[in-house]
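According to my numbering, the sequence shown is numbered sequentially starting from 38.
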Amino acid sequence: VWHDGVDLAVRVRAPDAVLPQEEIVRPLALSPHLLVAAPQLLTASCPPQAPADLAALPTLGLGNSPEEQSWDLHGPDGAHAVHRHQPRLIVDDVGTLRAAAMAGVGCAVLPRLLAHDALETGALQEVLPGWAPVPGVVQAVRASRLGVRPAVRQLLDALADGFADLIAEGRCLEVTP
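What follows is the structure, encoded as structure tokens:
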């Protein structure tokens, strides 16, 4: 629901999400997600080799609905697995989720964009490389085509340019129509 004074929202949605008809959506990029954990968590037990092995690791959750307590993972050659888990910690902020994963509290699903630097420094490691949830679509959303302020248009163009740079760096993927 749009309220007075809100010109633009940036969100990440599932690729198959039904969008409200009154919204004007500009897809910016695909946001790949990864299973990640702190190295100390992975050395405390045998690193998972298959999705079923995730049961041996403590997990972290985002949100608080039952469907968010399962990971729908896609793997090599079209393989698919659903990992249902009881998170050790559930948060409603992805930054807090990242901090908990880095502290070794549990394995988490994070956007590659948010995990990138921690993966580069070794503060996080990818768990089950090749297995991941479906990427989310990063979108800029407006309520109406009418009366778009020049500043909002400039912001939309800057967001598109910024995500183009992230795509070029490999932190996001290009949206295909």
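By construction, the Cβ of each residue, glycine as well, lies at the ideal position given by its N, Cα and C atoms. Please read all numbers here as calculations on a predicted model, not as lab measurements.
* To do: Rounded to whole angstroms, what's the CA-CA distance from Pro113 to Trp168? Just pull it up for me.
  => 7 Å
* In chain order, what residues of the same chain lie with their CB nearer than 6 Å to the CB of Ala137, ignoring the 5 residues before and after it? -> The answer, listed in chain order, is Leu97 and Leu126.
* When you compare only the Cα positions, how much space is there between Pro52 and Pro64? -> 10 Å
* Asked: For the 8 Å Cβ check, are there 3 or more pairs between the segment 117-132 and the segment 173-187?
  -> no
* To do: Would you please state the rounded distance, in angstroms, between the beta carbons of Ala93 and Leu161? I believe it to be under 8 Å.
  => Between Leu161 and Ala93 the Cβ distance is about 18 Å, and since that is not below 8 Å, they are no contact.
* Three-state secondary structure assigned by DSSP to Pro64 -> strand
* For Gln77, name the three-state secondary structure that DSSP assigns. => Gln77: helix per DSSP, three-state reduction.
* Does the distance from the CB of Leu67 to the CB of Glu211 come in under 8 Å? -> Going by C-beta atoms, Leu67 is nearer than 8 Å to Glu211.
* Could you give the residue range of the beta strand (DSSP E) that holds His122? -> Looking at the DSSP string, His122 is not in any beta strand (DSSP E), and its letter there is neither H nor E.
* May I ask you to list the residues that DSSP assigns as paired with Arg179? => Ile61
* Would you call the CB atoms of Leu56 and Arg179 closer than 8 Å? -> no
* Asked: What residue does the alpha helix (DSSP H) around Asp154 start on, and which one ends it?
  -> Arg149 to Thr158
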